[in-house]
Each structure stands twice: as structure tokens, then as C-alpha cells.
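S.K.:
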Amino acid sequence: DGTEIEGGWLDGNWAQVGYQAVDTVAGVGWSFIVTFVILYGMNKIPGLSLRVKIEKERVGLDQTELGMGAYEHVNELATAGEVNKNNEKRIQAWDKSSDNSMQLTGL
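In terms of the working numbering, the sequence shown opens at residue 40 and continues consecutively.
1) DSSP three-state call for ILE77: helix, strand or coil?
2) With VAL61 and TRP48 assumed to form a contact (beta carbons below 8 angstroms), what rounded beta-carbon distance in angstroms separates them?
3) When the Cα atoms are used, what is the spatial distance from TRP53 to THR63?
4) Taking DSSP as the reference, what is the three-state secondary structure of GLU127?
5) Starting from VAL98 and walking both ways along the alpha helix (DSSP H), at which residues does that stretch end?
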């Protein structure tokens with residue numbers, strides 16, 4: 040149709056940068072508002088709420104939603120770490136040896 044495009048920042052058309060910035064802000068705002076309305080509506084429909092009941096959250100979602108625990112081993116690891124409280128005193132930093140392999144020193 041013969042319309043000449045003025046270009047953008049590289050061509051010195053600074054107004055185009057402003058138009059694009061306003062367009063970006065409008066797009067982010069529109070997305071936020073529409074997402075908020077959808078999630079707010081979902082939260083009001085029984086069975087579609089975004090949060091679980093506080094009792095279920097306290098027990099743990101793995102247990103209440105899936106029927107199994109995912110992190111039982113954490114307590115076991117904490118107990119194993121307490122058995123030998125001298126680990127920090129015994130283990131030193133890793134030093135590079137002359138053959139470029141890593142060796143634990145200070146034991």
C-alpha cells in the first residue's frame with residue numbers, strides 16, 4: 040500500500056519505543072486482571088479453591104493428598120548427623136594434590 044515504516048529506536052524514532060512500552064504495560068495489566076478474575080472465581084467455587092484446609096497443610100500435603108510421605112528420611116538424616124558431632128572438627132577443606140586429583144586432608 041506504499042506506507043513507509045518509520046522504524047524504531049535504531050532509526051531515531053523514539054516515539055515508537057514509548058508506544059511499545061505502553062503496549063507492554065497494557066498487556067501485563069490485562070493479563071494480571073484477567074488471571075485475577077479467573078482465579079478469584081475459581082476460589083469461590085466449592086472444590087476448586089486454591090488452598091487446602093489448614094489441617095491438611097499442617098499434616099503435610101504428601102500424606103493427605105497422596106496418602107504417602109515424601110520426606111521421612113529427613114528425620115533419619117538429622118539423627119545420623121547428631122551421632123557424630125565432631126564431623127566439622129575432623130573434616131578439613133579439599134586440597135588439590137600434585138596429580139590433579141582431589142584428596143581429603145586433615146583426618
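We put the beta carbon where it would ideally sit given N, CA and C, even for glycine.
M.R.: Straight from the coordinates:
1) helix
2) Between TRP48 and VAL61 the Cβ distance is about 15 angstroms, and since that is not below 8 angstroms, they are no contact.
3) 16 angstroms
4) Since pLDDT at GLU127 reaches only 49, below the 50 mark, its modelled position is unreliable, and the value read off the structure follows with that caveat. Residue state, collapsed to three classes: helix.
5) 93 to 98
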